[in-house]
Amino acid sequence: DAKTTQPPSMDCAEGRAANLPCNHSTISGNEYVYWYRQIHSQGPQYIIHGLKNNETNEMASLIITEDRKSSTLILPHATLRDTAVYYCIVRSDGGTTAGSSNTGKLIFGQGTTLQVKP
Amino acid sequence: DTGVSQDPRHKITKRGQNVTFRCDPISEHNRLYWYRQTLGQGPEFLTYFQNEAQLEKSRLLSDRFSAERPKGSFSTLEIQRTEQGDSAMYLCASSSFTGPILNTGELFFGEGSRLTVL
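As given, the protein sequences belong to chains A and B, one line each in that order.
The first sequence begins at 1328 in the working numbering and counts up one residue at a time.
The second sequence begins at 2 in the working numbering and counts up one residue at a time.
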């Protein structure tokens, strides 16, 4: 699975959009981009994932560049409860194909610590 | 659906003692993962089960560590002759492969078991 690079920390004002960047320049064609977050003393929580197209759900939006070498997670209106470590992970095959030898495991880096300030 | 539960949440032990952690995944999830997380680091993959079969083990899983999932439901992680370097949060996650169309490949994490070795 390709490696990702994220800034170690970012600040965001409450109510503003938080834009978290991720570089994955060695991503290959069948690799998905996943985002998870980990609030202090809790297990990681799935946010969103995508392959090529931009994606949006109730938590966030994911913007993937056309060359797929980088992506941005957008929290449109950050709240204090969004303070967490955000992990960008690249995983092949989505771990979803029948018969695939892919175990579906996630390889975490150190992530970006997002501090939302009042 | 009660989520992934782990027990105990906290364990303090003396060096040289054995400890066992239990993970109850989301019911009918056929995939189960163990991770270890030390302070300031992202979770590190330890091992993976599909049903009762342990299909992958990380090199981090020394021979003092053993994991089982005897009936394909709950899992245990045992650490024998604990060392101070084993102090960490041990996270369990589960997921379900139900088919490529419906499956997001999302891993659901428990809140972890924190081990302190004195």
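Each residue gets a CB set at the ideal place from its N, CA and C atoms; glycine is no exception.
Just so you know, these numbers come straight off a predicted model, no measurement behind them.
- About 16 Å separates the Cβ atoms of leucine 1400 of chain A and arginine 1418 of chain A, ruling out a contact at the 8 Å cut-off.
- Residue-level contact check: leucine 1378 of chain A does not touch chain B, since none of the beta carbons of chain B fall below 8 Å from its beta carbon.
- Annotated as proximal: glycine 1438 of chain A and valine 1412 of chain A, with beta-carbon spacing under 8 Å.
- With contacts defined by Cβ atoms closer than 8 Å, serine 97 of chain B and histidine 30 of chain B form a contacting pair.
- Within the stretch 27–49 of chain B, contact with chain A at the beta-carbon level (separation under 7 Å) is assigned to Arg32, Tyr34, Gln42, Gly43, Pro44, Phe46 and Tyr49.
- Tyrosine 1359 of chain A and glycine 1377 of chain A do touch by the CB rule: their CB atoms are close to 7 Å apart, below 8 Å.
- Annotated three-state conformation of glycine 86 of chain B is helix, per DSSP.
- Chain B places a beta carbon closer than 8 Å to that of isoleucine 1434 of chain A, counting this residue as a contact.
- Neighbours of glycine 1438 of chain A in chain B, taken as residues whose beta carbon is under 8 Å from its own, are Gly43 in chain order.
- For glycine 1377 of chain A, the uninterrupted beta strand (DSSP E) run begins and ends at 1372–1377, by DSSP.
- Under DSSP, phenylalanine 46 of chain B takes part in a beta bridge, and its partners are B/Tyr36.
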